[in-house]
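Protein chains in written order, with UniProt numbering: chain R, 1 to 186; chain W, 1 to 186.
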């Protein structure tokens, strides 16, 4: 839906305070009445928007994962690179603004917390699948979680300035470390 | 200064939109005129506040680091735990709100970007020192950077809900992996 995509783009570019229903409707070229018919409150509109775009991204990531190297350190590198790329794009930026807005907007909190839990779980599930990680082995589950936390931290570091040069060295090194944790003899 | 500490506490609890100069002055028990004499704009007040409190924290961290285990895996664990603790406290929460506010407030951007670069550099320097990391060895610098990015990601994950149970497992595993990278034979 055009209005949901406009809401996420707006959040990413202008933050929560700059993202009113009026601004989003103008951007999407829909009437305020039409938007409010589906999403009665500003909170519902933006939470639904991030949920919708996150679903689209998860589908796109699954699609992209099909063309990654099949196995070995090259695959681990490609998966880490993909996970980090997801966290440095506009969707993460929009989600970041929605998360921080919950501090001032009590009404946003329950919906956003539930959404974050859902996306977090799905991201972990995909990471395990793409990495072929055996979570029954000691330390593997925590290392996969740490990889996603690191990706979130890199997303944050990219908010204020272009961090891509520093980031590429970290991704390469972390992928090498992770690959060893995943495949070493117990 | 009381007004700077009040500004950081206010940012952490109410976010940027809920942190006006008036609210901070009331909290600190100072007059608006007195605050504006030192910090003519809202942007200057909050950027100076995060800078001031960050300096206090860096001092406190240096102090705490003196009582950590002297060497070995226990020290690596204690250092990672300390770095993560810094990123899950109210100062990080305040900084997060200041960083995301720069998206909507152009005037905040240059000061906050400069501050973030300075704090980031100092945090890296301290991490290297505390870990006794030899950055001339391949991969060590990037792994230390990744540790700080992971700490930032854990701080973010802690914004919406108490993440401490999941976090402690991640810190333990990350410390074990980091210790190996720091001390393995080249």
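Even for Gly, the Cβ is constructed at its ideal location relative to N, Cα and C.
This structure is a prediction, so every number in the text was calculated from the model and none was measured.
Residues of the stretch 77-109 of chain R with a Cβ closer than 9 Å to any Cβ of chain W, in chain order: 87, 93, 96, 97, 99, 100, 101, 102, 103, 104, 105 and 109. The C-alpha of residue 111 of chain R is placed about 23 Å away from the C-alpha of residue 126 of chain R.
Residue-level contact check: residue 137 of chain W does not touch chain R, since none of the beta carbons of chain R fall below 8 Å from its beta carbon. Straight-line measurement puts the Cα of residue 99 of chain R at about 14 Å from the Cα of residue 54 of chain R.
With respect to chain R, the C-beta atom of residue 149 of chain W has a partner C-beta closer than 8 Å.
Under the 8 Å criterion on CB atoms, residue 33 of chain W is classed as non-interfacial with respect to chain R. Secondary structure at residue 134 of chain W: coil, using DSSP grouped into helix, strand and coil. Under the DSSP assignment, residue 72 of chain W falls in the alpha helix (DSSP H) whose first and last residues are 72-87. The DSSP-derived three-state label of residue 164 of chain W is helix. In this chain, the alpha helix (DSSP H) harbouring residue 62 of chain R covers 42-65. Contacts with chain W at 8 Å (Cβ-Cβ) include residue 142 of chain R. Interface criterion not met: the Cβ of residue 125 of chain W is under 8 Å from no Cβ in chain R. Under the three-state reduction of DSSP output, residue 184 of chain W falls in the coil class, being neither helix nor strand.
Put simply, the stretch 80-95 of chain R touches the stretch 163-172 of chain R. At least three CB pairs are less than 8 Å apart. Comparing C-alpha distances from residue 12 of chain W to each of W/28, W/104, W/160 and W/97 shows the shortest one belongs to W/97. For residue 33 of chain W, the enclosing alpha helix (DSSP H) begins and ends at 32-38.
Using a CB distance cut-off of 8 Å, residue 119 of chain W does not count as an interface residue toward chain R. Boundaries of the alpha helix (DSSP H) around residue 13 of chain W: 2-14. Short of 7 Å from the beta carbon of residue 50 of chain W, and not among the five residues preceding or following it, lie these beta carbons of its own chain, in chain order: 8, 94, 95, 98 and 115. Around the beta carbon of residue 1 of chain W, fewer than 16 other beta carbons sit within 10 angstroms, so the residue counts as exposed. The Cβ-Cβ distance between residue 175 of chain W and residue 153 of chain R does not fall below 8 Å. With a cutoff of 8 Å on beta-carbon distance, residue 45 of chain R and residue 122 of chain R are scored as not near each other. Neighbours of residue 164 of chain W in chain R, taken as residues at a C-beta separation under 9 Å, are lacking, since the least C-beta distance is about 14 Å. The shortest C-alpha to C-alpha distance from residue 47 of chain R to any of R/101, R/155 and R/129 is the one to R/101. Residue 104 of chain R: not part of any alpha helix (DSSP H); DSSP gives it neither H nor E. In terms of beta-carbon proximity, residue 72 of chain R stays away from the interface with chain W, with every pair separated by 8 Å or more.
Burial is judged here by how many other beta carbons sit within 10 angstroms of a residue's own beta carbon; residue 149 of chain R has at least 16 and is buried. In the three-state reduction of the DSSP assignment, residue 22 of chain R falls in the helix class. Across the set W/137, W/184, W/138 and W/77, the C-alpha of W/77 shows the shortest separation from the C-alpha of residue 147 of chain W. Within the same chain, 54 come within 6 Å of residue 119 of chain W by CB-CB distance, once the 5 residues on both sides are set aside. Interface annotation for the stretch 47-69 of chain W against chain R: empty, criterion Cβ-Cβ distance under 9 Å. Between the C-alpha atoms of residue 135 of chain R and residue 20 of chain R there is a straight-line separation of about 43 Å. Ranked by how close their Cα comes to the Cα of residue 3 of chain R, the residues R/184, R/36 and R/117 have R/36 in first place.
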